[in-house]
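S.K.:
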């Protein structure tokens, strides 16, 4: 199905992004480069705030998550282990007439790249058979550029976390269950980047890999795996949680995060991947969607939304793959398991052993290990339980930063129609960002530019606030114009220093007018209370 | 000269980086990948703190700098304009005997890559003529992988700033002089990565491009260019500053930044590039050096240090190049210049016109434009002055994040020899990070793990501090061991909750022991005063 050509709401958003310095086309003065976008001054602040809030919520505010910052270029063996070298590809066809190359499932919707004017939307030439086109960007490391020097730009940040799992475990004093968090760039050579920054070739991810005990281990230690209600937040983590409780916990934690930065539940959607959609090793995956202006309607006419984040229960696939490909053991030793195991009745041991064995054997055979070898390895793995050893399972909340920024911009965008005395109406817009993510937290405005006392006081207020938040000092133009400027930037508060601040009305000495972006209301506040008030709103 | 094989101090630093989770080798379980390093939990926090402090100091705490976050892959035309495609290369030779490829100036010091055991340090085979090897990593964007699809991983973040100069200018309400700041990854396919993280193939930069008026424009507006003392900080920026004052200002601002995060002036060195070292377009470049353990001695036996940051006065080269290559005007319009120009005596106009003309012509001819065309273009450019138009000059403070992290680690590393009652001595180490950059700001320790009242109180203290700083809660092992653990992590403060906190001595109710990392001294502090005290130290 062709993308709608006209989407007024998106056009407005793209236009304001450029005009107000949220997003620019990369390399614009050279005609741009398809699928790459830069963040201008306001966009860079917005993005920094979002990444900082995520990092804070995921690592610093928790006991059970450690951070990591790994390289974009890693050993190519990592992408063999992860399966990306073999299968991270789109089927492509070449056109024998126009020589263009198309995604096999999109020949009808993509303009012919060789002669865009001639055969927009449909190239009628005969097509070759589809061939796999790997979406990883490839380069060479070192001076010789031989096949042995091939490396890839990471197509996701997750694999670095798996590859460093043991190093983090050994240096951070964490024990399973615990997580490793990372924020960073990733790259996919998308055949057809689209929807502004939503699907781009260079993007940023915020990924948590949360390592948990396999259900058999929980059962050995706690007697049984906790059952949790099917919906809603399951509460504070418990020792007897299995993968389902942890999966649900992270879905709900992530929704709380989105709510906490201004995306209410009504703006979100959920997609629970069906068994057919799931990767063979995955047990569940819940996508958190946002209803973008370009999101399509389902058969019932409802907008379901497009993916902001996927929360996947990935079993022990990832660490197991790295164990097989690197030859380095990736299991953990769990003292609790070892002592619990020895106290279990033989029947229970046998039951857990069998189930663990089956899971391991399934993984191994599905990963291409021959039946005999798989059975032998699975036996060894299951025998490890008695020694307290297992390969952790993982729950992966994986969010796209750029998509979230676009969602926040789309969500914040509001138009206001103002009609003046003469009945002439004008449409302006206000960016209603949550104060936590707003690029600028407060505008500080002296009523007049040419009154040194006002300016000096305004600068004192600016300097009071600036160590704690991003302040925009503005003395240019009428107060109304300056408010409008901050409304467009999404600044939630403006503080005006006027003659009352200087004591023209003695009872108002050292007070300021604070003006609220969303309703335009104004209040009087003491300067001595300003910092604490603003901090309570923006944090 | 060969790198010293043995450097005990560096060995200790590399070892602690791995052991305490500051830095890991990228892809270590796969044998690593040469020139790539990951930051573990403590390293990731340290790096985040440094980047955040830089961003804060350079953008949020200033009126005159806007932020940018551009892509790593940009239009390849940017690297033609910048000169990187043509000249960003090392001369390489191939060995006809061992088939290895060497940097032409390092054949004597690099192990033969093909037979490292056989000809370490010297390959005796006949070498080919030297050929240029471009240090940019190359890839293809889009599915066809033709020559037209070649793109590069940016070898520096600076060029994105120049390419987006006009967009930022038009959307940010900034006027020259102003700067654009960016933090981000860059990539150089170094032939011989070395000195741990100091010279790696993937690294991060913090770059400011600060755009200023050409001296001729200052002279037209202010009558003359301010003369500044040759050393020391020239103070708050003034309208009549020329490039020399701005250059000196930024050198001194950057030194203050380093001092503010614990690198005293004694640990730093300075290198003023000689006319021979300077790029043809550069007017000055001052390198700020740090005395690393691997830094070499000069002829007088003094350690001079290795580069942390270069502060270059780059004239109007960069914007001029992009103007020529993109065909998009990169000049600014300056109202002040236009009105000042018209009031100048004809003589003065002619003098300034001539000097501006000469500078422009020099730039053009040195950049390969033929004499006639250069003269014509320079005439047009100089005629622009009367209309208020000029291409801004730039001062570029460009810092390497990874080098700075390594400097902070080397600077913080201190050994302490403790001798116990039996005369047995043990060497431990303390990481004396400045509290502003320390990965963990405070350890919160209940005296005993098995006293619920102590634990509850300790958790209350943790939760009081955690929204404001990175807190490490630790209840494992003796207090001495826990202090030692935080000393190794570089945590400047530890807070212990003991029975006095609970009121065993009533006058000490709700007080805690605060223990200082650097001298081990302890004091008693009220919990109600703790947050404000710690904030005053870490900010």
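Chains as they are written, first to last, in the working numbering: chain H, 657 to 1195; chain G, 657 to 1195.
In this text, a Cβ means the ideal position worked out from N, Cα and C, and glycines have one as well.
To the nearest angstrom, report how far apart residue 950/G and residue 851/G are at their CA atoms.
M.R.: If I take the Cα positions, the gap works out to 7 Å.
S.K.: So who's on the other strand from residue 889/G, going by DSSP bridges?
M.R.: Answer is none; residue 889/G lacks a bridge partner.
S.K.: To the nearest angstrom, report how far apart residue 1104/G and residue 1110/G are at their CA atoms.
M.R.: Approximately 7 Å between the Cα atoms of the pair.
S.K.: Between residue 781/G and chain H, is the shortest Cβ-Cβ distance under 8 Å, so that the two count as touching?
M.R.: Answer no: the Cβ-Cβ gap between residue 781/G and chain H never drops below 8 Å.
S.K.: In chain H, which residues lie with their C-beta within 9 Å of the C-beta of residue 819/G?
M.R.: Those within 9 Å of residue 819/G in chain H are 682, 683, 684, 685, 686, 694.
S.K.: Is it right to say residue 879/H is buried, meaning 16 or more other beta carbons lie within 10 angstroms of its own, or is it exposed?
M.R.: Classification for residue 879/H: exposed.
S.K.: Just to make sure I have the definition right: I need the residues of chain H whose C-beta is within less than 9 Å of the C-beta of residue 824/G. Which are they?
M.R.: Ordered by position in chain H, the residues that pass the 9 Å Cβ test against residue 824/G are 677, 680, 696, 697.
S.K.: So which of 802/G, 805/G, 809/G, 798/G has the shortest CA-CA distance to residue 797/H?
M.R.: Per the Cα distances, 809/G.
S.K.: Using a beta-carbon distance cut-off of less than 7 Å, what residues from the segment 733-763 of chain H approach chain G?
M.R.: Result list: 733, 734, 748, 757.
S.K.: Quick check on the DSSP output: the alpha helix (DSSP H) that includes residue 1189/G runs from which residue to which?
M.R.: Element bounds for residue 1189/G: 1183-1194.
S.K.: Can you name the residues that DSSP bridges to residue 917/H?
M.R.: Beta-bridge pairing links residue 917/H to no other residue.
S.K.: Does the Cβ-Cβ distance between residue 1022/G and residue 1086/G come in under 8 Å?
M.R.: For residue 1022/G and residue 1086/G, no; Cβs fall outside 8 Å.
S.K.: Less than 8 Å between the C-beta atoms of residue 1182/G and residue 1153/G, yes or no?
M.R.: For residue 1182/G and residue 1153/G, no; Cβs fall outside 8 Å.
S.K.: Suppose you measure from the CA of residue 955/G to the CA of residue 936/G; what does that come to, to the nearest Å?
M.R.: Straight-line Cα distance between these residues: approximately 28 Å.
S.K.: Identify whether residue 776/H lies in helix, strand or coil by the three-state DSSP scheme.
M.R.: Because the pLDDT of residue 776/H is 43, which lies under 50, any placement of that residue in the model is unreliable, and the question is left without a value.
S.K.: If residue 1034/H and residue 1017/H are in contact, beta carbons under 8 Å, what's the gap, nearest whole angstrom?
M.R.: Contact holds; Cβ gap of about 4 Å.
S.K.: For a contact meaning CB atoms closer than 9 Å, what does residue 847/G contact in chain H?
M.R.: What residue 847/G touches in chain H: 798, 799.
S.K.: Would you call residue 1188/H buried or exposed, if buried means 16 or more other Cβ atoms sit within 10 Å of its Cβ?
M.R.: Exposed.
S.K.: Name, going along the chain, the residues of the segment 957-968 of chain G whose beta-carbon falls closer than 8 Å to a beta-carbon of chain H.
M.R.: Within the segment 957-968 of chain G, no residue qualifies.
S.K.: Rounded C-beta distance between residue 1053/G and residue 967/G? I'm assuming under 8 Å.
M.R.: At roughly 5 Å, the Cβ-Cβ gap stays under 8 Å, so residue 1053/G and residue 967/G are in contact.
S.K.: In chain order, what residues of the same chain have a beta carbon less than 7 Å from the beta carbon of residue 857/H, not counting five sequence neighbours either side?
M.R.: The residues are 691, 692, 843, 844, 845, 846, 849.
S.K.: Tell me the rounded alpha-carbon separation between residue 663/H and residue 930/H.
M.R.: Roughly 30 Å separates the two Cα atoms.
S.K.: With DSSP collapsed to three states, give me the class of residue 1102/G.
M.R.: Reduced to three states, the DSSP call for residue 1102/G is strand.
S.K.: Less than 8 Å between the beta carbons of residue 703/G and residue 944/G, yes or no?
M.R.: Against a cut-off of 8 Å, the Cβ pair of residue 944/G and residue 703/G comes out as no contact.
S.K.: Can you check whether the CB of residue 863/H is closer than 8 Å to the CB of residue 817/H?
M.R.: Yes. Within cutoff.
S.K.: Against chain H, does residue 669/G count as a neighbour if the rule is that its beta carbon must be under 8 Å from one of theirs?
M.R.: Judged by the 8 Å Cβ criterion, residue 669/G is not in contact with chain H.
S.K.: Is the Cβ-Cβ distance between residue 827/G and residue 676/H less than 8 Å?
M.R.: Yes, Cβ-Cβ distance for residue 827/G and residue 676/H is below 8 Å.
S.K.: What do you get for residue 806/H, buried or exposed, if any count of 16 or more other CB atoms within 10 angstroms of its CB means buried?
M.R.: Label assigned to residue 806/H: exposed.
S.K.: Using a Cβ cut-off of 9 Å, pull out every chain G residue sitting near residue 789/H, in sequence order please.
M.R.: Correct list: 799.
S.K.: Below 8 Å on the Cβ atoms is my guess for residue 1190/G versus residue 1168/G; work out the distance and round it to an integer in Å.
M.R.: The Cβ separation is near 11 Å, so there is no contact.
S.K.: In angstroms with no decimal places, state the Cα-to-Cα distance between residue 791/H and residue 1004/H.
M.R.: Going from the Cα of residue 791/H to the Cα of residue 1004/H covers about 47 Å.
S.K.: Could you tell me how far apart the beta carbons of residue 939/H and residue 969/H are, in whole angstroms, since I believe they sit closer than 8 Å?
M.R.: Contact holds; Cβ gap of about 4 Å.
S.K.: Are the C-beta atoms of residue 1175/H and some chain G residue less than 8 Å apart?
M.R.: Chain G, which has no Cβ nearer than 8 Å to the Cβ of residue 1175/H, makes this no.
S.K.: Considering residue 980/H, what are the terminal residues of the alpha helix (DSSP H) in which it resides?
M.R.: Counting along the chain, the alpha helix (DSSP H) containing residue 980/H begins and ends at 973-982.
S.K.: Leaving out five residues before and five after residue 825/G in sequence, what residues of the same chain have Cβ atoms less than 6 Å from its Cβ?
M.R.: Excluding residues within five positions, none has a Cβ falling inside 6 Å.
S.K.: Go ahead and label residue 802/H buried or exposed: buried means 16 or more other beta carbons lie within 10 angstroms of its beta carbon, across all protein chains shown.
M.R.: It is exposed - the Cβ of residue 802/H has fewer than 16 other Cβ atoms within 10 Å.
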